[in-house]
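Colleague: The opening position of the sequence shown corresponds to residue 931 in this note's numbering, with each subsequent residue numbered one higher.
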Amino acid sequence: MISRKVKVSIVGGGGVVGSTAAYRIAHDGLASEIVLVDVNRNLAEAHALDIDQAVAYRGATRIYAGDIKDTKNSDLILVTVTGPRPPSLSSRSELLPTNLPLIIELMEPLLVQSPSAIWFLTTAPVDPLVYLVHRIFSIPRHKVIGLNWNDSSRFCWAIARILSVPCSTIEAFVIGEHGETQVPLFSLIRIHGEKISLDPDQKDRIRSEIADFLPHWTRLKPGRTAGWTTAESIGGIFKSIVCGDGKIWVCSTPLEGEYGLSEVSLGVPMKLGPEGVSSIIEFDLTTEEKKAFEASVRLVKRQIQEGQSISTVPHRKIVGTP
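(1) How about G1176 and I1075: do their beta carbons lie closer than 8 Å?
(2) Does the separation of the CB atoms of F1067 and I1007 fall below 8 Å?
(3) Would you tell me roughly how many angstroms separate the C-alpha atoms of S1192 and T1183, rounded to the nearest one?
(4) Taking a contact to mean a Cβ-Cβ separation below 8 Å, would you say L1036 touches T1001 in this structure?
(5) Just grab the DSSP bridge partners of W1158 for me.
(6) Which runs of the beta strand (DSSP E), 3 residues or longer, sit entirely within the stretch 1036–1061?
(7) Buried or exposed for H1245, going by 16 or more other Cβ atoms inside 10 Å?
(8) Which class does Y953 belong to by DSSP, given the choice of helix, strand or coil?
(9) Hey, out of V1011, S1209, I1136, E1139, whose CA is closest to G948's CA?
(10) Cβ of Q1233 versus every heavy atom of the ligand ZN: is any distance shorter than 7 Å?
(11) Do T991 and A927 come within 8 Å of each other at the CB atom, strictly closer than that value?
(12) Using the three-state DSSP reduction, which class does P1204 fall into: helix, strand or coil?
(13) Using the DSSP secondary-structure output, state which residues sit across from I1066 in a beta bridge.
(14) Do you know how far the Cα of W1079 is from the Cα of A1047?
(15) Only counting the same chain, and skipping five residues up and downstream in sequence, which positions put a Cβ closer than 6 Å to that of G1250?
(16) Any idea what DSSP makes of S1004, helix, strand or coil?
(17) Just verifying my parser: in three-state terms, what is the DSSP assignment at G1197?
(18) Among G1237, I993, A986, G1197, whose alpha-carbon lies nearest the alpha-carbon of E1110?
(19) Residue range of the beta strand (DSSP E) that L1185 falls in?
(20) Can you give the beta carbon distance from G944 to L973, rounded, assuming they're within the 8 Å contact cut?
So this is what it looks like as structure tokens:
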């Protein structure tokens, strides 16, 4: 049931992530209105029609295709757009020169329509993009969220495979960059609420499962991204935003002193609510985890510097947070 009117706009709504996220959100019935915006208007309209029929018996969510002007007064704007992905993609950071100008071009007209919206980005590389969007457009940091939860989800999946236990019984988190320097927190794994310890071989096998995901996906040449996994993450996070259910998620958001960091955005545990990020949780990390996290921070900061110097954006002044 929809407890209040919540309007969601999905930019890139005709794509794999946008359309699967629309279905997942509509399935729960927590949005009163979902707008799909896509350069391929016909595809967005087809998805809207299909999803509207698929969830007709579950609620009263209105789903339709539209343009930028139709996003007016959105409560949440999900940005899933991306430029072409090279067939030999080895790192999400390779997409920064293509995707940063694309995001900037979209943000200005979207902000005019919905100046108070929560911004939820899935576009890669998500960590530097979240920070640059926050700084360039002076959006309060608690209203800019990047999707990093897939890493934690895959961590749980890998643990379940190696230990032969149901994934639903596992609590585990990955922090840091959504990329090669992500930091799986082995010290905080819980199964049925109890902390467990893994031996070195188990840890190596789990790391291998995680590290091989993107190369394996690329080798398959599927012509699409991991839509259903991403949609499941988005649906759960959206529920927490609407309901403020207190669940812990790892998402990317600009840091202002947490973990002793500033001027960077990367995945950290947080709680969410109707205003966006309601609190950031600082886990106690082992010495090894701290070192890995610091390496992740250094990489994201270099990506941010690269983004600031990309030739297509120097005319835009990067301003501080108000």
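Cβ atoms here follow ideal geometry from the backbone N, Cα and C, with glycine treated the same way.
Since the structure is predicted, the reported quantities are computational estimates derived from the model, not experimental observations.
Modeller: A quick look at the data gives this:
(1) To locate residue 1176, count along the sequence shown from 1; it is residue 246. To locate residue 1075, count along the sequence shown from 1; it is residue 145. No, these two residues do not count as a Cβ contact at 8 Å.
(2) Residue mapping note: residue 1067 aligns to position 137 of the sequence shown, counting from 1. Residue mapping note: residue 1007 aligns to position 77 of the sequence shown, counting from 1. Remark: C-beta atoms of F1067 and I1007 do not approach each other more closely than 8 Å.
(3) For the purposes of this step, residue 1192 is identified with residue 262 of the sequence shown, where counting begins at 1. For the purposes of this step, residue 1183 is identified with residue 253 of the sequence shown, where counting begins at 1. Rounded to the nearest angstrom, the two C-alpha atoms are 11 Å apart.
(4) Working through the sequence shown from its first residue, we reach residue 1036 at position 106. Working through the sequence shown from its first residue, we reach residue 1001 at position 71. No, these two residues do not count as a Cβ contact at 8 Å.
(5) Counting from 1 along the sequence shown, the entry for residue 1158 is found at position 228. None, per the DSSP bridge assignment.
(6) 1048–1051
(7) Position 315 of the sequence shown, counting from 1, holds the residue named residue 1245. Note that H1245 scores 36 on pLDDT, short of 50, meaning its location in the model is unreliable and no value can be drawn from it.
(8) Here residue 953 corresponds to residue number 23 of the sequence shown, with the count starting at 1. Y953: helix per DSSP, three-state reduction.
(9) Looking up residue 948 in the sequence shown gives position 18. Proximity to G948 across V1011, S1209, I1136, E1139 peaks at V1011, based on C-alpha coordinates.
(10) The model on display carries no ligand, and the ligand ZN is accordingly not part of it.
(11) Residue 927 lies beyond the range of the chain shown here (931 to 1252); nothing can be said about it.
(12) Your numbering for residue 1204 matches position 274 in the sequence shown. Three-state DSSP puts P1204 in coil, outside helix and strand.
(13) One-based indexing of the sequence shown puts residue 1066 at position 136. Partner(s): none; I1066 has no beta bridge.
(14) Taking the sequence shown and counting its residues from 1, the one referred to as residue 1047 is at position 117. Taking the sequence shown and counting its residues from 1, the one referred to as residue 1079 is at position 149. Each residue's alpha carbon lies about 21 Å from the other.
(15) Here the question's residue 1250 lines up with position 320 in the sequence shown. With a pLDDT of 29 at G1250, under the threshold of 50, the modelled position of this residue cannot be trusted, and the question is left open.
(16) Along the sequence shown, read from residue 1 onward, the residue named residue 1004 stands at position 74. Coil.
(17) Taking the first residue of the sequence shown as 1, we reach residue 1197 at position 267. Three-state DSSP puts G1197 in a strand.
(18) For the purposes of this step, residue 1110 is taken as the residue at position 180 of the sequence shown. Per the Cα distances, G1197.
(19) The sequence position of residue 1185 within the sequence shown is 255, counting from 1. 1179–1186 is the extent of the beta strand (DSSP E) around L1185.
(20) To locate residue 944, count along the sequence shown from 1; it is residue 14. To locate residue 973, count along the sequence shown from 1; it is residue 43. With 8 Å as the limit, G944 and L973 qualify as a contact, their Cβ atoms being about 4 Å apart.
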